[in-house]
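Just so you know, the sequences run in chain order A and B.
Once you know that position 80 of the first sequence is 456 in my numbering, the rest is easy, because the numbers rise by one and skip nothing.
Once you know that position 1 of the second sequence is 344 in my numbering, the rest is easy, because the numbers rise by one and skip nothing.
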Amino acid sequence: MLRTILAGVVGLVFGSGIALSGMANPAKVLNFFDVAGTWDASLLLVMGSALAVAAIGYRIVLKRAAPVFDKRFHLPTSRKIDLPLLAGSAVFGIGWGISGFCPGGAIPALGLGESSAWIFVGSMLAGIAAARTVRIALEARSTQTV
Amino acid sequence: MTEFTPVMSLLGGTLIGLSAVLLMAFHGRIAGMTGILSGLMPPVSTDWAWRAAFVAGAIVAPMLIMGISDQAIAYSSPVATPWIIIGGLIVGVGVYFSSGCTSGHGVCGMARVSPRSIAATAMFMATSMLTVFVVRHLVGGL
Numbered sequence: 377m378l379r380t381i382l383a384g385v386v387g388l389v390f391g392s393g394i395a396l397s398g399m400a401n402p403a404k405v406l407n408f409f410d411v412a413g414t415w416d417a418s419l420l421l422v423m424g425s426a427l428a429v430a431a432i433g434y435r436i437v438l439k440r441a442a443p444v445f446d447k448r449f450h451l452p453t454s455r456k457i458d459l460p461l462l463a464g465s466a467v468f469g470i471g472w473g474i475s476g477f478c479p480g481g482a483i484p485a486l487g488l489g490e491s492s493a494w495i496f497v498g499s500m501l502a503g504i505a506a507a508r509t510v511r512i513a514l515e516a517r518s519t520q521t522v
Numbered sequence: 344m345t346e347f348t349p350v351m352s353l354l355g356g357t358l359i360g361l362s363a364v365l366l367m368a369f370h371g372r373i374a375g376m377t378g379i380l381s382g383l384m385p386p387v388s389t390d391w392a393w394r395a396a397f398v399a400g401a402i403v404a405p406m407l408i409m410g411i412s413d414q415a416i417a418y419s420s421p422v423a424t425p426w427i428i429i430g431g432l433i434v435g436v437g438v439y440f441s442s443g444c445t446s447g448h449g450v451c452g453m454a455r456v457s458p459r460s461i462a463a464t465a466m467f468m469a470t471s472m473l474t475v476f477v478v479r480h481l482v483g484g485l
């Protein structure tokens with residue numbers, strides 16, 4: 377129970393950071409990408425400060441044997457830079473550049489009660505579900521031919 | 344035009360970084376929105392409770408800020424609705440295959456100096472800038 381409540385508090389910290397920083401504002405995000413036009417450098421400071429705090433904090437936290445509420449740290453183990461990673465990232469960037477929303481920015485934007493944020497999140501979840509269905513179908517087919 | 348907001352952006356970024364450190368310290372998890380959301384979609388992951396709490400906290404945060412302070416949260420979506428839908432679908436497909444987005448790869452993964460996350464972040468930053476350039480300066484807006 378405490379574990380769940382604390383996750384909510386950490387989500388609150390995350391959402392506050394997104395909201396205050398401007399990451400929940402599609403217009404600001406799009407201007408950050410518009411280096412040749414109405415460039416707004418603010419998000420460089422968001423990324424820079426978030427990265428600095430996380431890098432230092434992780435260094436301290438990951439020295440411990442385990443997290444407070446779990447037996448171990450769940451860290452991604454794959455180190456392979458493969459096609460799904462690169463193509464997926466390229467595709468994600470295109471969608472981000474079209475809409476001005478990324479997943480971490482859009483979820484707190486829901487709390488602003490803006491319909492555009494809800495429309496984006498609905499479409500994004502549909503996109504994730506569709507991608508998962510396609511991947512499962514492809515994997516089923518490839519195991520059949522083998 | 345949006346105003347350059349160095350103080351709020353540094354403060355916000357610090358809180359984002361802090362949330363990543365706290366989720367690792369308490370739950371041993373990467374604070375990546377894509378990964379957290381994926382576990383909430385069917386087939387729902389058995390550890391859905393902390394994920395749902397994190398997402399709920401993130402949604403409540405701007406309401407709380409506006410409720411307890413006179414801090415306005417600027418928001419403007421300049422893109423027409425059909426393009427928001429198309430953008431959303433594209434983002435969903437992309438982050439599913441890249442296993443992460445700005446929070447997971449861009450902050451948490453980069454902080455761990457993960458080669459995958461560095462490659463992913465360089466890639467999505469490049470294609471988003473390229474997309475905005477094409478949309479705004481070649482096509483003339485959406």
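The C-beta atom is built at its ideal place from N, Cα and C for all residues, glycine as well.
As the structure is a computational prediction, the values presented were derived from the model and not from experiment.
At a cut-off of 8 Å, the C-beta of alanine 415 of chain B has no neighbouring C-beta in chain A.
Flagged as an interface residue toward chain A: glycine 355 of chain B, by a C-beta distance shorter than 8 Å. Counting the other Cβ atoms within 10 Å of the Cβ of leucine 432 of chain B gives 16 or more, which makes it buried. Relative to the Cα of methionine 468 of chain B, the nearest Cα in the group A/Ser492, A/Val437, A/Arg448, A/Gly464 belongs to A/Gly464. As for any alpha helix (DSSP H) of minimum length 4 sitting wholly inside the stretch 432-496 of chain A, the runs are 459-475, 479-486, ordered along the chain.
Under the Cβ criterion (8 Å, minimum of three pairs), the stretch 431-448 of chain B counts as touching the stretch 498-506 of chain A.
Boundaries cannot be given for leucine 485 of chain B, as no alpha helix (DSSP H) includes it and DSSP labels it neither H nor E.
Here cysteine 444 of chain B is near glycine 375 of chain B, since their CB atoms are less than 8 Å apart. Chain-ordered listing is empty here: chain B has no CB closer than 9 Å to the CB of arginine 517 of chain A, the nearest sitting near 17 Å.
Excluding five sequence positions before and after tryptophan 393 of chain B, the CB atoms of its chain that fall closer than 8 Å to its own CB belong to His370, Arg372, given in chain order.
Put simply, the CB of leucine 514 of chain A is far from chain B, with every gap to its CB atoms at 8 Å or more.
Close partners of glycine 449 of chain B in chain A (Cβ separation under 7 Å): Met423. Interface annotation, glycine 382 of chain B: not in contact with chain A, CB-CB separation never under 8 Å. Of A/Lys439, A/Ala430, A/Phe390, the smallest CA-CA separation from arginine 448 of chain A is found for A/Lys439.
Under the criterion of beta carbons closer than 8 Å, tryptophan 426 of chain B and serine 475 of chain A qualify as touching, at roughly 7 Å. In the pairwise beta carbon analysis, the stretch 388-402 of chain A is classified as touching the stretch 475-488 of chain A: at least three pairs are separated by under 8 Å. For threonine 509 of chain A, no CB of chain B lies under 8 Å from its own CB, so it is not counted at the interface with that chain. Residues of chain B whose Cβ lies closer than 9 Å to the Cβ of alanine 431 of chain A are, in chain order, Gly360, Met453, Ala454, Arg455, Val456.
In the three-state reduction of the DSSP assignment, phenylalanine 390 of chain A falls in the helix class. Only those residues of the stretch 418-433 of chain B whose C-beta falls short of 8 Å from the nearest C-beta of chain A are listed: Tyr418, Ser419, Ser420, Pro421, Val422, Thr424, Trp426, Ile427, Ile428, Ile429, Gly430, Gly431, Leu432, Ile433.
Here proline 386 of chain B carries a coil assignment [DSSP, helix/strand/coil]. At a cut-off of 8 Å between beta carbons, threonine 414 of chain A contacts chain B.
For the set B/Ala417, B/Ser381, B/Pro386, the Cα lying nearest the Cα of leucine 488 of chain A is the one of B/Ala417. Just measuring C-alpha positions, the residue of A/Phe477, A/Ile394, A/Ala412, A/Ala430 sitting nearest valine 456 of chain B is A/Ala430. The contact set of valine 387 of chain B on chain A, defined by CB atoms closer than 8 Å, is empty, because the minimum CB distance reaches about 13 Å.
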